[in-house]
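Residue numbers (my numbering), protein chains in the order written: chain A, 1 to 333; chain B, 1001 to 1333.
Here a beta-carbon is modelled for each residue, glycine too, at the ideal position from N, C-alpha and C.
What you are looking at is a predicted structure, and each value in this text was computed from that prediction instead of being measured.
Only one structure is covered here, and it is reproduced in the block below.
Protein chains: 2
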Amino acid sequence: MAGVSKGTVDRVLHKRGKVSKKAFEKVDKVLKEIDYKPNPIARNLKINKTYNIHVLLPDPLKDPYWIPANEGIIEASNQFMPFGVMVRKYFYDPNDRTSFLDESRQAIISQPDVLLMAPIFDNESHEVLKHCCENKISVVLFNNHINSFKEQIFIGQDLNQSGRVAASLMNKIIGKNDEISIIHINKEPHMQQKENGFKEFFKEKSGNNHLVISKEFNSAEKRRFNKDVSEFLKSNKSINAFFVTNSKAYVLIEAFKELEIRERIVIGYDLLKPNMKYLKEGAINFLIHQKPHRQAYLGVSCLAEHFLFGKGLPTQEFLPIDIVTSENAQYYL
Amino acid sequence: MAGVSKGTVDRVLHKRGKVSKKAFEKVDKVLKEIDYKPNPIARNLKINKTYNIHVLLPDPLKDPYWIPANEGIIEASNQFMPFGVMVRKYFYDPNDRTSFLDESRQAIISQPDVLLMAPIFDNESHEVLKHCCENKISVVLFNNHINSFKEQIFIGQDLNQSGRVAASLMNKIIGKNDEISIIHINKEPHMQQKENGFKEFFKEKSGNNHLVISKEFNSAEKRRFNKDVSEFLKSNKSINAFFVTNSKAYVLIEAFKELEIRERIVIGYDLLKPNMKYLKEGAINFLIHQKPHRQAYLGVSCLAEHFLFGKGLPTQEFLPIDIVTSENAQYYL
DNA sequence: TTATTTAATGTGTTCGAACACATTAATGCG
DNA sequence: CGCATTAATGTGTTCGAACACATTAAATAA
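Structural data, given as structure tokens:
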């Protein structure tokens, strides 16, 4: 169309230089006229590179919250395998910081194109990031942020806002002057953000009608846990609404059952089987869905589409904060 | 690997016959051993066909509900244009059945590979489906079902369940023995399904504690509408909770404002600007998000990926029924 | 002016699959 | 056995982009 060979067009497209002003202008004009867009399929076929995405996440066997995340990775992996995208997973023990470091080291020495990780330990995650920088491996975070990692790509919920959503729901269903407790079970650093958001909402919207106090428990030993809960309730008789900041609301409900405590308001996180059961029974009023499946799936698929078809990458992909009741739960599974 | 030429492998892969038993077995064995998956990129490059997806939906200028759907189509269209997928839109007037038929005819005579449509008129949609069958154009429906179209591919919400979700929310926030009204504003056939689901929930769960009555209004003339609402409220003094079955909750709120009616519970649909405003103000308690953007985007992108990469098509893609409050609304826009 | 360097442009091959076409092997029939 | 017919197998080209390499035109030096 421009009266030059494909070689010259190629040099214009890729700015490889060595093109006369006249030729450049002829080609450029045509490119603009026909609004040329390269065929990503042909492009990819020629480049024909295998892309390696390595994923670092907690072992789903150690914490069932991560089961859907794992499935999301598998799904995306299968989908993009035929396109030459290789996904490899590294599981670490969510209760063991060294296991996190060990697995990260494994991942980094295999020199992937990108490391996708769920960073639940603050300090250790910093180290991993440093190593990745040194080895020129780009990093994408999912599930939760790490404080000073703001410059990284992140896929997940705004945890502060997530706490606010919980608070807004709580505010709609609690009685006047009811007292509320924020329950952290086996607290991880990022759970504090949810507490902050929750408190923030009540400070703004509700004019301190409701006392909000926070409390940490450890669920490792069931008997001990039940005793702790029982004591806490005894010394806080007027509390009858609970916000559990992770997927362990069912643990609290089970303690309630053993202690014969009924008719409390409970808002928790995540669609684990036992949570779903108590949601259906009415023992849990609302669950907030953190979409671990979608987070992981999106992490892999966004990267794959970026590598394969040059799709742009977002810097922050804040997923919707889904509110789940017994009636709409089925569609989120 | 099997000691035969690519021609023979090709015949085995595509079952074109003319392959000796011996050769077939050799090739088949290797294919299984290496778990051969065709490279969808190369495949598509060779086939090099332009796929035409035509979309028939109500004019977003006539009903703002359809604005995000239109945007979803544009987004998917831009994304798949470089792959040789051509999307063409036909807008019809949602208040004019002939315009629907006219536009459908236009769409069909251009012989697209598939017609994606939002079928808000029952009988007319049947006719369109018939025409498509005759012309061997496959059809995908989105936004709402048409009764006897169950065999078609559908992308959207389960409207009956959607009514149940609204009811479950209502049930969580109304006072004991409060009465409820289901409000249809400019009723379309599929809105009845939401009413059915809503009533069903209260029949099952709430043991007829709450009277639920349904009422239709027409909002074409504002003065008339306000008067109708006023009269309805006067003759039903104990009703103070409202379920509006489409995106027009804001119309009801505006009537309330003029009639100086306050502190009613309202649950409605869709994140239109005025609805969002009243949600933030607290005049609307919950909105249910029908995801018109995602419906339309998914419709186009599923089809495109099916044509391009042989991805399977679901028969029913029921989207999640998202519950929206002032605190999580921002992520759904 | 001619040789030589450098700038500019053109040509050929490749990626993996699809398909048309060419070739070779096997079978049937007189 | 020879030849036709069909079955079986192999070869070559194409899709659009990327890139190595070949070629030609222009600029510079001897």
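Beta carbon proximity, residue i to chain B, threshold 8 Å
i	result
A:T50	no
A:R164	yes
A:I137	no
A:Y331	yes
A:L45	yes
A:L169	yes
A:N39	yes
A:A283	no
A:N328	yes
A:A42	yes
is_contact[residue i, chain A] using C-beta, thresh 8 Å
i	result
B:L991	Absent from the structure is residue 991 of chain B, since the part of chain B shown begins at 1001 and ends at 1333.
B:S1015	For the record, residue 1015 of chain B in the displayed sequence is Lys; it is not Ser. No, no contact with chain A.
B:I1173	yes
B:Q1161	yes
B:N1196	no
Extent of the continuous beta strand (DSSP E) run through residue i
i	result
B:E1263	Counting along the chain, B:E1263 falls outside any beta strand (DSSP E), and DSSP gives it neither H nor E.
A:H289	F286 to H289
For residue i: DSSP bridge partner residues
i	result
A:A241	A:I180 and A:I265
B:E1317	B:I1155
A:H54	A:R88 and A:L115
B:V1009	DSSP lists no partner for B:V1009.
Span of the alpha helix (DSSP H) around residue i
i	result
A:D35	Where A:D35 is concerned, there is no enclosing alpha helix (DSSP H), given that its DSSP letter is neither H nor E.
B:E1254	A1249 to E1258
B:R1088	Per DSSP, B:R1088 belongs to no alpha helix (DSSP H); it is in the beta strand (DSSP E), V1085 to Y1092.
A:V324	Element bounds for A:V324: not the alpha helix (DSSP H) but the beta strand (DSSP E), D322 to V324.
B:H1306	P1292 to F1309
B:N1070	I1067 to F1080
A:M1	First-last for A:M1: undefined, no H or E at that position.
B:K1015	Unbroken run through B:K1015: none, as it is neither H nor E.
A:K273	K273 to E281
Practice task
Note down, one range per segment and in chain order, each alpha helix (DSSP H) of at least 4 residues found wholly within the stretch 173-236 of chain A.
Solution key: Counting only runs of 4 or more residues that sit fully inside the stretch 173-236 of chain A, the alpha helix (DSSP H) segments are 191-205 and 222-234, in chain order.
Handout entry: Contact set between the stretch 1296-1326 of chain B and chain A, restricted to residues whose Cβ is under 9 Å from the partner
Key = Listed in sequence order: L1308, F1309, K1311, F1318, L1319, P1320, I1321, D1322, I1323, V1324, T1325 and S1326.
Practice task
Note down, one range per segment and in chain order, each beta strand (DSSP E) of at least 3 residues found wholly within the stretch 101-156 of chain A.
Solution key: Correct list: 114-117, 138-142 and 153-156.
Exercise for the section: Determine which residues of the stretch 1090-1123 of chain B have a Cβ less than 8 Å from any Cβ of chain A, and write them out in chain order. Expected result: Listed by position, the residues of the stretch 1090-1123 of chain B near chain A (Cβ gap below 8 Å) amount to none.
Exercise for the section: Using a Cβ-Cβ cut-off of less than 7 Å, give me the residues of the stretch 1231-1263 of chain B that come near chain A, in sequence order. Expected result: Across the stretch 1231-1263 of chain B, no CB contact with chain A closer than 7 Å is found for any residue.
Exercise for the section: Pull out every residue of the stretch 59-83 of chain A whose Cβ sits closer than 9 Å to any Cβ of chain B, in chain order. Expected result: For the stretch 59-83 of chain A, which is checked against every Cβ of chain B, the residues closer than 9 Å are Q79, M81, P82 and F83.
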